[in-house]
Every structure is written in C-alpha cells, then in structure tokens.
Amino acid sequence: MSFTSYLVKPFDYSHENIFFREFSNKLEKSLESNKGRSVLVGNLSVNGHQLDAVFISSGKIIVIDFKDYEGTLKFSEQNPWKLTTSNGELIYVAGGARQRNPYQQLQAYRFSLIDFLKNNNDDLVGDSVTRPKWYYTSSLVFFQRPIKFNSSQIPGKISRYFFVTDEKNGIDKIKDIQSNGLNLTDNQINLILRALDIRDENILSNFDFKQEKFGDGKDISRISLVNRLLENTKGTDSERVIEYYRTIINLEKHKEPKTLNVHKFRIDEKQALTNYRLDISKSDHFYSSFVKNKQERFPKDLFIGIDLTLEGMSKTLFQTVIPSSEFSQSVYDIDINDFEIFDQSFQDINLTEDVIEELKTGVNSVETFEEKVNLLEEVLDTKISPSDTFSVGLCETGFYSAQLLSELKGLKGKISESELTRQFILKEPISKNEENILKYFTPITKLNTSQEEAVKKSFKRNLSVVTGPPGTGKSQLVQNIISNAIMNDLSCLFVSKNNRAVDNVVERIGEVLTEPYLLRFGSKKEIQEKTIPKLKEFVNNKNKGNFENKERELNLVLDGIQKINRRIDFLEEEIKRIPSLNHEISQLSRKITTLKEELKLWKDGLDSHLRTFFIDQHLKISLPKIQAKKLFDQAKRVNSSGLYKFFFNLFWKKSFFIELEKLNDKQSNAISEHIESIAPYIQVGKDEIKVALKNVSYLFELEKLSKDVKAKNNEFHAELKPLSEDLSKKGSELKKLEKDKIKYLEEIKGLKDKLIEAGVTALNLKINQNLRNQTTTAVQGFADQLPINVYRTNDLIKLKNNYTEILKDYKITCLTNLSVKNSVPLQNEVYDLLVIDEASQCDIASAIPLIYRAKRVVIIGDPLQLKHITSVQKAEEELLLNKLSLKTKGLSYCKDSLYDYAYKMANLSGIETDFLAFHYRCHPEIINFSNEHFYQKHLGQTMEVATTPDQFGKDSGMFWIDVKGDMARNRNINLAEVDCIVDLVKKLRIKEPNSSIGIVTPFKHQYQEIFKKIDYETKQVVKVDTVHKFQGDEKDIMIFSLVITPSATKGKSWFVNANYHLLNVGITRARGKLYIVGDNQYCSSLVEKNEKTPLALLANYTKDINKLILN
2 MSFTSYLVKP FDYSHENIFF REFSNKLEKS LESNKGRSVL VGNLSVNGHQ LDAVFISSGK
62 IIVIDFKDYE GTLKFSEQNP WKLTTSNGEL IYVAGGARQR NPYQQLQAYR FSLIDFLKNN
122 NDDLVGDSVT RPKWYYTSSL VFFQRPIKFN SSQIPGKISR YFFVTDEKNG IDKIKDIQSN
182 GLNLTDNQIN LILRALDIRD ENILSNFDFK QEKFGDGKDI SRISLVNRLL ENTKGTDSER
242 VIEYYRTIIN LEKHKEPKTL NVHKFRIDEK QALTNYRLDI SKSDHFYSSF VKNKQERFPK
302 DLFIGIDLTL EGMSKTLFQT VIPSSEFSQS VYDIDINDFE IFDQSFQDIN LTEDVIEELK
362 TGVNSVETFE EKVNLLEEVL DTKISPSDTF SVGLCETGFY SAQLLSELKG LKGKISESEL
422 TRQFILKEPI SKNEENILKY FTPITKLNTS QEEAVKKSFK RNLSVVTGPP GTGKSQLVQN
482 IISNAIMNDL SCLFVSKNNR AVDNVVERIG EVLTEPYLLR FGSKKEIQEK TIPKLKEFVN
542 NKNKGNFENK ERELNLVLDG IQKINRRIDF LEEEIKRIPS LNHEISQLSR KITTLKEELK
602 LWKDGLDSHL RTFFIDQHLK ISLPKIQAKK LFDQAKRVNS SGLYKFFFNL FWKKSFFIEL
662 EKLNDKQSNA ISEHIESIAP YIQVGKDEIK VALKNVSYLF ELEKLSKDVK AKNNEFHAEL
722 KPLSEDLSKK GSELKKLEKD KIKYLEEIKG LKDKLIEAGV TALNLKINQN LRNQTTTAVQ
782 GFADQLPINV YRTNDLIKLK NNYTEILKDY KITCLTNLSV KNSVPLQNEV YDLLVIDEAS
842 QCDIASAIPL IYRAKRVVII GDPLQLKHIT SVQKAEEELL LNKLSLKTKG LSYCKDSLYD
902 YAYKMANLSG IETDFLAFHY RCHPEIINFS NEHFYQKHLG QTMEVATTPD QFGKDSGMFW
962 IDVKGDMARN RNINLAEVDC IVDLVKKLRI KEPNSSIGIV TPFKHQYQEI FKKIDYETKQ
1022 VVKVDTVHKF QGDEKDIMIF SLVITPSATK GKSWFVNANY HLLNVGITRA RGKLYIVGDN
1082 QYCSSLVEKN EKTPLALLAN YTKDINKLIL N
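Dropping the structure here:
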C-alpha cells in the first residue's frame, strides 16, 4: 500500500491542524494492508470552494468536511441541521460559506470537484482504457466527536453519494465507500494530483504543529443572551421581523458597554468556566453599589469580563452583559464560551479599528473560548495566558441603540399601516407604482443623463435604488431631488448616517437659496442651539411681515419652465428617433433583402420559357374560352367515337382546322414558336386529331401557368413595394434628423442652462410662498416640543398635528439616522419621499422607522465603499431567525447593508436600478484603476470618465513612491514610510500651496505616528487619518501609506487585500494626485490562489503607466 497525506496550506486554527494530522495517521494505519495508491489532500481550493479534505483511491473519490460537534443529529436537505447536545441544549450545524447546512455545502463542493475533473478529463485518463465516471464522486460529513445519527434520515436518492459519520466510525465508512465507475490506476491518481497542483512540498510531514490548549474546550452553544433579550416569538410575520431587528439592536447595545465601578473577583479553580456560578455579594463594596443601582429609575446593566495576560499585562479581553431587567439575585451563572470581544481593551493597546473588526469577525465565526483565544494569538502574533480574575462592574450602553430600540418597539403592531414598510421588511415584491407625481421638473444644477433619469424615477417609483461610485455626483442628485420635491409641493426627508454627507447637501442647496429653509436636525445640543433658534427666527420674520406675495412672479417662471421642458422633451424625442430609425431601417433592409432573395430563388426555379414569357417579356396567352373549349371537346369526341369521326371527316374537319389555326395564330411569335416546338397543331405522318388535341391541351396548360407565375410575381412585388417606400421615407427622415442633431443638441444645451437659471429663481419664489403660507402657531408649538421627549397621549397628538402642519410648507427635513427620534414624530407616511444617502454604511434596522414615515424611498450607495460594522455573531443571528421562524425570509443583518438589502429588493420586485455613470472627481489615471479592477470586476459596470489629464495640470495622476522599510513587530508602523511622507508633505506644501492635502492609511498606529511627526502648522492644514475615517472626504492631493512589508506577518497583507473596499476608498479620495507609498516589489509579489491580489494589481498598474518613483 502506498498512502500519502498532503496539506495544501495549514488550517486556520491549531486544533484543526492537529485533528487533521491525527485523522491522517489513523487513516494510514487502517490502509496498511490495502493494495494500490491512496492519497488524502487537506485544505485545498477547487473552483472557488475551500474543501477540508479529499480522499482518492481506486474505487473512490470522497469530498470530506470536518465538523466539531457532538450530540444527537437530525438531517435536513433544505434547513439547518439540528443537534441536541448531551446536556439537552439545542444548537444548529451550519454549512460553510453561504450554504444553509452541511448537505448543501458538500453538494456545492462535490459538484465543484466533478466540474473540475470533467474539464480536465483528457489530461486525467492516462493509460487507462476506460474513462472514469467522475459523477460517482462521494461526499462525507465527518464529525470529530461522537454523534448519534440514524442514516435512514438521508433520502435514498442522496444516500448513494452522501454520507455522515463521526470519529468512531469514520475510518470504516471511508473504507466502505466504493464505486466501480472510479477504478483509478496509480497513474491516474498522480495525474489528478498534478491537475490540482499538489506538490511534494505539500506533504503533511513537512508541517510542524504544536498543540495549544486553553480551558476545557467544551462546545456549548452561546444562546443565553439571545434568549434573555428575545421578548416574544409569536405574532404576525411583520411583528416577528420587527422583534428580530429589535433583538439584533439589543445585542449590539449589550456588546459595547461603558464600564463603571469595576471590581476584581478571583476565579474559583474548582468550577468549570463553562458552567461558572459568580457570587457578586463576595465583594461588600461592589455589592452595595449594585444594590443601590437596582433602585435607580434607569439601572445600569451588569458587566462581567474575563481577564487574560497579554504581553505581560492583565487585560479584560472578553465580556458579557447581564441586562438590568434580570437583576433578581447575587449569584449569576456564566459560560465563557458566550463571551464576546471587549473592544475597549484592544483600543487601549492601540490596535487599529480595522484589526479590531478583523478580530470581531473572526471571533464571531468560532464556537469555543479556546478557539477565540487561539484566533487572537494568531492574529496578534503573541501568546495569551489565562488569568485568575473576573472584572465585574456596572455599564451603560449606547444612547443611539436605546433610541432605535424605542422606535422599533413603537412600530410593533403598526407595520400594516404602511404597505411599503410591510413589503420591505418581509422581502415581498414592492408595488410597481409608476405614477409620476412630478408636475414640474426644475433642476438647479447641471445633470448628466444618468443623474436626470435617477431624479425623475425617484418620483415615479415606490422604491428607487441608485448606485453612485465616488465622484459621480451623488450630492447633485440629492440636491435636485430635494429642489424638485419643494417645487412640486412634496415633503422630503433626507437622511444619512454620515453628518458630513448631510451637511454637504444642506450647504450646497443653501448656496442658491435667498432664505434659510431646510430644517437640519442633529444631536439634542444642535437642536437646542441651531434648529430651535432658526424656527423662532422664522416666527419673528413672519410676524414682521417679511414675506411678500410673489405668486404671480412664480406662476410666470413656472409657465416658462413648462415651455422649456416641453421643447427639450420634443428635441430629445427627435434625437431618440435616430437610433430607433436606424433600427427600423436595418429591419426593413433585412426584410427587403430576404424577399428579394426569395423572389430570385423562385425565379431561378422556374422553367426558362415561363420566366422569359411571363416575367421578363410580360407576354400573355390569348385563349378565347368558348372557342378553345369547343375545339377541345370536338377533338376529344372524334378521338373516342368512330361514327362521330365519320361525320366529322365528312362535314366539319375543314372548319375545325381553320379555327385551330386561328387559335394558334392569336399567340405572339415567341409563344407560337414555343408551342410549335412542344405541341404543334399539325404534324405530318401522325394522327391529326391526336395532334390537335395535344395542341389545345397545351394551350390550356400554358394559360394556367402564365396566370400562376404572374400572380406569384405580383405577390412578391406587392409585398416589396410598401417596404421599399417605407425604407425610402425613413431614410429621408433619418438623413434630416442626423443633419439637425447638432443643432438640436446645441439648442438643448442652451435650454438646459436656462432651465437651471429658471429653476433656481422658481425655487426661491416657491420657498418664499411656502414660508408666507406657514402658520407661526404650528412652528412655535413644534419648536417648544423639541427635542422630542413626549410620552403622554395628548402631547403626542399635539406634536403630530404640529408637524403635519409644518410639512405643508416646510417641505424638507435633513438629519442623521441617530437624530431622527429627537426630531421627527414616528408617524406613518408623513413624508412623500425619503432619501437615504451612504446606504452602504447603513444597517437595515435603523432604516425601518425611516421608511415607515414615507410613501416612497430612494436608496443611494456604493457597495464597494466601506460597510456597516456589527458585533452580532452569525450564530446568534441564525439562532434568532430560527426561534422567530424567519429562516425562510432570507434576512441577514450581519451580512447585508441597507444598500445590499434594497438592491436585492429591487431585483425581487422587477424594478430597474440606476447607475450614476459619469465620473467627475479624479484624474483618469486614478479612477481608471478602480474602474477596471473594482467596479468592472465586482459590479460588471464601469463609469465613463469625464475628467481629462489637462484639467489637473502637469505632474498629476497616480504615483507609487517605492519605499523599502520594515513593519514594526508589535505595532502597525513603517517608519521609513513615515519619514518619506513627512518629507513629501513639506515639499508639496511649498510647491502647491493652494492645493488641499490628505494622508490616509489602513492602520491607526501609522496614522498616529505620521500625525506626531508632522509639524504644528502642517497639522492645521493637512488631514491625516485612517481609511475608515476618510470615507466621504476628498482632497486635491492624497498620500496613501500602505505600511506592509516582507517583514510583516502574512495576515497584514491578507487584511488589506481581502478588504479591497479599503483600497478603493483610499485611492478614490484623490482628485488630481495620488501618491502611494510602499514597497512596490513586495506588493507586486502578493498572489493568492494563483491570482494577483488587488495590491499586486495596483503595484503593477503604476509600473505600466510609468509612474514608479524610486525613493
């Protein structure tokens, strides 16, 4: 027996590598007596799928996936597998990647491998006569611990190729699987290994794994916090969805605590940390604070953290929270497997936000506390040791989460009031309401075709989704949606999670307004210091009579706008006819060509004399019917009756032949000659009557043929004539339109300039009239109730009435998601239109109360920008979905941003999404990279670059400054890059004093080091920050510090490459110049799965455009 075990690369966690080695050893031992070659390949990638293992031997190819569970298992084809542990707890065994369960996961892996083998079939046959039947490949779920499982649960059609086993029976199961369709030779097995790129260096014995233990590693499902926060699993679908989002936000709330009155509690070594009873009364001082806290109106929650030793320091790295609603005792049962990362401790040791996010994502993907610690050790490249204390304190959770929880709670039982909200949260198709509520289209800025279409569609659809890559004019889009809402007496709520995005729109619209109008809400402090004074200022101005009646002027401007729009519509429709006419002409030409080909084919098939006589020469057969019929009948009778023939010869023969001669003489010469050659009426030496009968018969036959030929010919020409006339007409129209197109375009350009001018004038006149009509009582009443903090029924009714009254004339409200509860009452469809910008950064839950307030919604975002961050684990979310019976709804708070969700909803509803297709910000060299390697690759769409190199001047574009440095081991710093950047900034400030400059990096430590090194004056004018903080900003010149070097751990480069959103955001902040500072040679060498990584592509791109600068 020849057995070889391969490992393409180590598994992510130590225990996985150790298990694989142990499994390999057991398998090798069991196969000692077998003949032929057998191989086990671990952790390999096939067609984009990462497979735990594949076992290949004569008679079998088995795809294997390892699961680290124990208990009683229940199989399902479609739903998650349920597993009951030995202590009676219920957990779910999920599949990998996006698969719902291990069966679906292994099916995807199996088919992926089969496809690979089929595609390489010719190279894998080798010297064998028979071709292997690859579809006999099997799949096996291998549980690393004992399970109880009835294999009869697997349907028969599946059980032929899908198996489930555990560590006790696994080896025997592998040996039992056999198929005659896969009787592979040793040579064929070697050929398969070669096709999979498995080499000698992948042999398992080349790897050295050290076992690391922490705790007892017991696998307990972390469900306690979810169970505690989940209030109700019953109700309608919409009520359960709201409960799902409410619980999700509550989980977020309890995972980011602010700790107070922290005390240390020594761990009792006699207790298992997975089932630990913590008695807080053992600390008199803390317990007295705890009891006092319970008596507060709004008591704080109980924070419990576990301390570990990191780099010689004791740190609270993991935490859990006991909600105040559960305070009833001094003893609390805890399980360290349920503990989450405690962000504050990692911030205290200066880890960057992106690394913390990487840690949180990784921790959320594993089950046991041991695995969490192993992951921290791997990512942080340091040893973490257990400590002997818990940190216990009181904690306050985020105010924003509390606000959102209150809003979601207020929606319970109300979703049915809003069809849009109900359809949106239940993932039902959104009603395709194409009613156009836009009476006047009044742009206030220049708009390209994609922007204009997106503005108009915003007022026609219940849901609009707009994809807006960097620099494509999202702000102009929002400005024009808002201005058109005002002009058409429609209320609009504009929201973004980003204050800068809201301020940008408010400021830009404010530049064209003569009177402050947009209501801008923010924090309670901003409302008190800015919004309320603004409303009171309006009340004073109104009382002073400052708003004149300008209705007549407004109507005149609106009439002019309507005329301009009608003329533009006409001209644009005329221009649109050009491609339409081209298409019609092309179709007509094809039809005519086809008909002519059919006509020619028909003519070519005719006898030559028929075509010559009746088509080319248009001849006719002259055949008097009565005379010809009489001759035919007489000749036929003579031929059949001897008596009649006697009398015929005696009395009628002469006259008969005279008439027959006349009949033949009536034909044209050409036809006569033809008849003479085929059926003459006289032939010497032959029966003259038979000859005559043949002659007359042929004349009848020829006459019929002439009619048929002429009819068919006329039919062809009758069909061709109108087509030819239509082609000529459309050709003339097209020629005229193409001649007039340039003139029309020039006219449209001039009209649109006039339309913008008229739009701004009309907007200010309209606002004046709105403010003139606004009642001061409602405005004053609403201002008095801000920030909104009312709970009594009468006060709520008054608030809603005041706000409804205000919206009749104060049409626009602008705010962030965080400030909506303090600013706008929770009222169904109070707004005609909701616009949410930067939706890629927004979570779904916070958008639901906003959508409830609106009749239509516009979602604007870019899926290739940085997304919202969540501390909720996938396992928690899946548990929650199962408990609420929502698994089939396809909800994924953890995975989907609001943009992602809305985009899927648009597709589900058959609603076309809009893509802002013109880019106006960056130098072509800068945006072309993102265009090709991010937007084309991931979205299948590219922007049309409207910028040119000339507009940015000389020495502009993208540059790579090649710096060979070292990345510090304990901090994400590259001092060589820091020195280069400090020097570069000095030179740039001297050379280009009027240009704005920004410095960005993926790592917080590097940002801090650069900021520390630049001088005080530079700090005042140059922005330095991480990529996460720079999103939404832009500068004339950007410097991008990559930091990573060959001396860094592989995880650092993997982090940047895997999060290509970071690169896209960092690159597209620059308008005219982008300096990338890093090790070009190292970045060029970064390859994953035989493909160049984004960093490698970027490094090569700068070389291709000859912009590599040696430092």
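Following my numbering, the numbering of the sequence shown begins with 2 at its first residue and continues without gaps.
Built from N, CA and C at the ideal position, the CB exists for glycine as well.
Here the structure is a predicted model, which means the values were calculated and not measured.
Burial check for glycine 760: the Cβ neighbour count within 10 Å reaches 16 or more, so the residue is buried. Residue environment: proline 444 is assigned as buried (16 or more neighbouring CB atoms within 10 Å of its CB, all protein chains considered). By the 16-neighbour rule on beta-carbons within 10 angstroms, isoleucine 679 is exposed.
If you draw a 10 Å sphere on the C-beta of isoleucine 627, you find fewer than 16 other C-beta atoms in it, and that means exposed.
Taking 8 Å as the cut-off, the Cβ atoms of lysine 822 and serine 407 count as close. For isoleucine 768 against glutamate 516, the beta-carbon gap comes to about 6 Å, under 8 Å, which counts as contact. Note that the segment 42-50 does not touch the segment 153-172; fewer than 3 beta-carbon pairs, one per stretch, sit closer than 8 Å.
The bridge partners DSSP lists for phenylalanine 67 are Phe143. If you check the CB distance, valine 1023 and glycine 1067 do not come in under 8 Å. For glutamate 877 against leucine 252, the beta-carbon gap comes to about 6 Å, under 8 Å, which counts as contact. Note that the C-beta distance between phenylalanine 960 and threonine 1103 is below 8 Å.
Isoleucine 659 sits exposed, since fewer than 16 C-beta atoms from the chains shown fall within 10 Å of its C-beta. Ranked by Cα distance from alanine 918, the first of Lys856, Asn765, Asn18, Leu448 is Leu448.
Out of Thr1046, Gly1073, His1062, Trp1055, the CA that lies nearest to the CA of asparagine 995 is found in Gly1073.
Inside the segment 1001-1042, DSSP marks whole beta strand (DSSP E) runs of 3 or more residues at positions 1023-1027, 1036-1042, from first to last along the chain.
Residues of the same chain with a CB within less than 7 Å of the CB of isoleucine 335, apart from the 5 flanking positions on each side, are Tyr277, Leu279, Ile305, Thr321 in chain order. Nearest to asparagine 1065 by alpha-carbon distance, out of Gln1021, Thr1019, His934, is His934. With contact defined as three or more Cβ pairs closer than 8 Å, the segment 663-681 and the segment 608-617 are in contact. Methionine 314 sits exposed, since fewer than 16 C-beta atoms from the chains shown fall within 10 Å of its C-beta.
Checking the DSSP bridge columns, you'll see threonine 595 has no partner listed.
CA-CA distance, alanine 54 to lysine 61, rounds to 14 Å.
Excluding sequence positions up to five before and after leucine 885, its CB lies within less than 7 Å of the CB of Thr234, Arg241, Glu244, Tyr245, all in the same chain and listed in chain order.
DSSP places glutamate 368 outside both helix and strand once states are collapsed to three, so it counts as coil.
Valine 55 carries a strand assignment under DSSP once its states are collapsed to helix, strand and coil.
Residue pairing from DSSP places alanine 855 in a beta bridge opposite Tyr832.
Three or more Cβ pairs drawn from the segment 1053-1065 and the segment 1089-1096 lie within less than 8 Å of each other, which places the two stretches in contact.
Cβ atoms of isoleucine 1040 and tyrosine 1076 come within 8 Å of each other, at about 5 Å. Relative to asparagine 975, the option among Ala947, Gly954, Ile998, Ile1011 whose CA is nearest is Ile1011. Judged by beta-carbon spacing, glycine 127 lies beyond the 8 Å limit of leucine 32, meaning their Cβ atoms are not closer than that value.
Residue environment: glycine 157 is assigned as exposed (fewer than 16 neighbouring CB atoms within 10 Å of its CB, all protein chains considered). Nearest to serine 451 by alpha-carbon distance, out of Ser1086, Lys955, Thr914, Asn973, is Thr914.
About 5 Å separates the CB atoms of serine 459 and isoleucine 482; that is less than 8 Å, so the two are in contact.
Considering only Asn771, Arg854, Ser239, the residue with the shortest C-alpha distance to asparagine 550 is Asn771. Boundaries of the beta strand (DSSP E) harbouring tyrosine 1076: 1071-1079, taken from the DSSP string. Inter-residue distance for serine 239 and isoleucine 426 is about 7 Å (C-alpha atoms, whole angstroms).
With distances taken between CA atoms, aspartate 69 lies nearest to Glu368 out of Glu368, Glu527, Glu926, Ala455.
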